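Numbering (the numbering used here), first residue to last: 46 to 457. For glycine and all other residues, C-beta sits at the position ideal for the given N, C-alpha and C. Computed from a prediction, not measured in an experiment: that's the story for all the values here. Before any comments, here is the structure.
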Amino acid sequence: MDLLNTLVDKGLRRELPTREEALAVLATSDDELLDVVAAAGKVRRQWFGRRVKLNYLVNLKSGLCPEDCSYCSQRLGSKAEILKYTWLKPEEATQAAAAGVAGGAKRVCLVASGRGPTDRDVDRVGKTIEAIKEGNEGVEVCACLGLLSDGQAERLRDAGADAYNHNLNTSEATYGEITKTHTYADRVDTVQKAHAAGLSACSGLIAGMGESDEDLIDVVYALRELDADSVPVNFLIPFEGTPLAKEWNLTPQRALRILAMVRFVCPDVEVRIAGGREVHLRTMQPLALHLANSIFLGDYLTSEGQAGQADLDMIADAGFEVEGAGTTTLPAHRSEATAATVAAMAAAAPAGGVCGSASGSGAAPAAAGCGSACGGCSGHDAAPAQADAGEVRSDLVAVRRRGAGTDLAPNA
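Written out as C-alpha cells, the structure is:
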C-alpha cells in the first residue's frame with residue numbers, strides 16, 4: 046500500500062505525516078490491519094528495537110476530587126466505588142514502588158488526585174521521590190500531580206524527579222465537553238512548565254470518549270508540537286457512576302489503528318499503552334507491542350490491570366524483551382536534548398535551587414492530575430450474545446475495581 050510505504054519512510058526520517066495521511070490510517074479496513082501494524086512496527090523497531098519499558102503506578106492520594114473530568118472515577122460527584130485515602134507516607138510509597146521495581150519496572154509514576162499541588166504537597170512528594178530513589182538504585186521517577194504553579198517543576202526536578210506527566214486527553218475543540226473546571230490551555234501550560242524545567246515531558250490522550258477521527262489527529266499533533274518524550278495512550282474505561290459510563294466505542298482493531306497512527310505521528314517517542322488496554326485490546330494486546338514500546342505493569346489508579354506475570358509472559362512470547370535499567374529508553378537525539386536542558390537549568394539556578402513556600406493545606410484530589418488509567422467500574426449491561434467482528438463488545442471483559450471497600454494496600 047503506497048500510504049504505508051510513505052508513512053514508514055517518513056517515520057524513519059522523523060518527518061511529520063500530513064493530516065490526510067494520519068486520518069487515512071484510522072480509516073483503514075480490518076482487512077488491512079495487519080499491514081498497518083507491520084508498517085508501524087518498522088518505525089517502532091527503528092527507534093526502540095524490540096525493547097519494552099515497564100512502568101509502575103503508585104497512587105499517592107485517591108478520590109474526592111474537586112475537578113469534573115467526565116472520564117474519571119475520582120471526579121467531583123463520582124458515584125464510582127473506589128478506594129479513597131489521603132497522602133501516603135514516603136515509606137509507604139517506597140514500599141509500593143519496590144513491588145513494581147521487583148517486577149521489572151524501570152519507571153515509577155507517582156500520581157496524586159487533585160487540581161494541582163500546593164507547595165507543601167510538592168515538599169511531601171519531593172521527600173517521597175528521594176526515599177524511592179534511595180531505596181531503588183537507577184529507577185526513574187515521574188510525578189503526576191495536576192496543574193503546576195511557577196517554580197514547582199523546578200523543585201520536583203531538584204528533588205530527583207526525572208519526568209512529569211500531564212495528559213492533554215482530547216482535542217482543544219472538544220475539551221470543554223469533557224471538563225469545565227479547568228481548560229485545555231491550563232494543561233498545555235503545565236506540560237510546558239515541566240519541559241522548561243528540564244523534566245522529561247510525558248503527555249498523552251484518552252481514546253474512546255466519543256471523539257471524532259479529527260479530534261484524535263488534533264490531540265496527537267498537539268503532543269508532537271509540545272515535544273513530549275512519552276505519549277501514554279489511554280483507552281477509556283467507562284466508569285459506572287461517571288458521565289461516560291455508557292461510552293463503549295472501541296474495538297481491538299480500532300485501538301490498534303489509533304496506536305499505529307500515534308506511532309507514525311510521533312515516531313521516536315516512548316509510546317505507552319496505558320489505562321484500558323486489557324479492556325479494549327484484550328487478546329490482541331501482543332500485537333500492540335509492535336506499535337508501542339512501553340506499558341504499565343500491574344494495576345492502575347482505581348482499577349485492576351492484568352497480572353504482572355501475564356504481562357512478562359506476553360512480552361516474552363511475542364518476541365520482545367523487557368528494557369533493562371542500564372538502557373536509555375529514548376533515541377540519542379532525544380535523550381541528549383533533555384540532558385542538555387537539565388544541565389542548562391542547573392547552571393542557571395541560584396545556589397540552593399528553587400525555593401517555594403512550605404505553607405498551605407493539601408490540595409483536594411483532582412482529575413486534573415490523572416487520566417483514564419484512574420480506574421474501573423463495577424459492571425455494565427451485557428451486549429448481545431452474537432455480534433459482528435467489528436462491533437463493540439462491552440460484555441467480553443468485566444472491569445475490576447481495585448480493592449474497593451477493603452484495606453488493600455495501594456497497587457498491591
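Beta-carbon proximity of residue i to residue j, cut-off 8 Å
| i | j | result |
| --- | --- | --- |
| residue 142 | residue 181 | yes |
| residue 363 | residue 331 | yes |
| residue 324 | residue 280 | yes |
| residue 158 | residue 284 | no |
| residue 201 | residue 170 | yes |
| residue 346 | residue 156 | yes |
| residue 302 | residue 71 | yes |
| residue 167 | residue 140 | no |
| residue 298 | residue 75 | yes |
| residue 231 | residue 271 | no |
| residue 97 | residue 360 | yes |
Residue i: CB within 7 Å of a non-hydrogen atom of the ligand SAM
| i | result |
| --- | --- |
| residue 325 | The model depicted lacks the ligand SAM and carries no ligand whatsoever. |
Rounded straight-line distance, which links the Cα of residue j to that of residue i
| i | j | result |
| --- | --- | --- |
| residue 355 | residue 337 | 17 Å |
| residue 64 | residue 262 | 7 Å |
| residue 320 | residue 367 | 19 Å |
| residue 52 | residue 208 | 29 Å |
| residue 87 | residue 54 | 10 Å |
| residue 472 | residue 101 | Past the edges of the chain, shown from 46 to 457, lies residue 472, and the structure says nothing about it. |
| residue 164 | residue 384 | 26 Å |
| residue 235 | residue 73 | 35 Å |
| residue 220 | residue 228 | 7 Å |
| residue 134 | residue 173 | 8 Å |
| residue 296 | residue 266 | 23 Å |
| residue 199 | residue 242 | 5 Å |
| residue 375 | residue 93 | 7 Å |
| residue 326 | residue 377 | 31 Å |
| residue 350 | residue 268 | 26 Å |
| residue 108 | residue 380 | 35 Å |
| residue 402 | residue 292 | Residue confidence for residue 402 is low, a pLDDT of 33 falling below 50, so the modelled location carries little weight; the figure read from the coordinates is stated next. So the alpha carbons of these two residues sit roughly 42 Å apart. |
| residue 294 | residue 254 | 7 Å |
| residue 503 | residue 334 | Summary: the structure shown does not reach residue 503, with the chain confined to residues 46 through 457, and so no result is reported for it. |
| residue 305 | residue 85 | 6 Å |
| residue 61 | residue 307 | 11 Å |
| residue 128 | residue 282 | 16 Å |
| residue 410 | residue 358 | In this prediction, residue 410 scores a pLDDT of 30, lower than 50, which makes its location untrustworthy; no coordinate-derived value is stated. |
| residue 59 | residue 67 | 14 Å |
| residue 204 | residue 286 | 37 Å |
| residue 365 | residue 339 | 11 Å |
| residue 130 | residue 179 | 25 Å |
| residue 259 | residue 136 | 45 Å |
| residue 328 | residue 353 | 16 Å |
| residue 175 | residue 344 | 23 Å |
| residue 188 | residue 89 | 26 Å |
| residue 47 | residue 161 | 46 Å |
| residue 389 | residue 436 | 52 Å |
| residue 132 | residue 103 | 11 Å |
| residue 400 | residue 195 | Note that residue 400 scores a pLDDT of 34, beneath 50, so its modelled location is shaky; the value from the coordinates is reported in the next line. Whole-angstrom Cα-Cα distance: 11 Å. |
| residue 322 | residue 95 | 19 Å |
| residue 210 | residue 240 | 10 Å |
| residue 373 | residue 386 | 17 Å |
Bridge partners - residue i, DSSP secondary structure assignment
| i | result |
| --- | --- |
| residue 277 | 317 |
| residue 245 | 208 |
| residue 13 | The question about residue 13 has no answer here: the residues shown for the chain are numbered 46 through 457. |
| residue 251 | 279 |
| residue 340 | 99 and 318 |
| residue 106 | 157 |
| residue 214 | 250 |
| residue 130 | 107 |
| residue 467 | Summary: the structure shown does not reach residue 467, with the chain confined to residues 46 through 457, and so no result is reported for it. |
| residue 65 | In the DSSP output, where bridge partners are listed per residue, residue 65 has none listed. |
| residue 233 | None, per the DSSP bridge assignment. |
| residue 366 | 96 |
Whole-angstrom C-beta distance between residue j and residue i, which should lie under 8 Å
| i | j | result |
| --- | --- | --- |
| residue 151 | residue 185 | 6 Å |
| residue 177 | residue 215 | Not really, about 31 Å apart at Cβ, beyond 8 Å. |
| residue 57 | residue 91 | 5 Å |
| residue 212 | residue 257 | About 19 Å separates the two Cβ atoms, so there is no contact after all. |
| residue 99 | residue 342 | 5 Å |
| residue 244 | residue 206 | 6 Å |
| residue 370 | residue 183 | 4 Å |
Between the segment 274 to 289 and the segment 303 to 315, do three or more beta carbon pairs fall short of 8 Å?
yes
Touching by the beta-carbon criterion (3+ pairs, under 8 Å), the segment 211 to 230 and the segment 107 to 119:
yes
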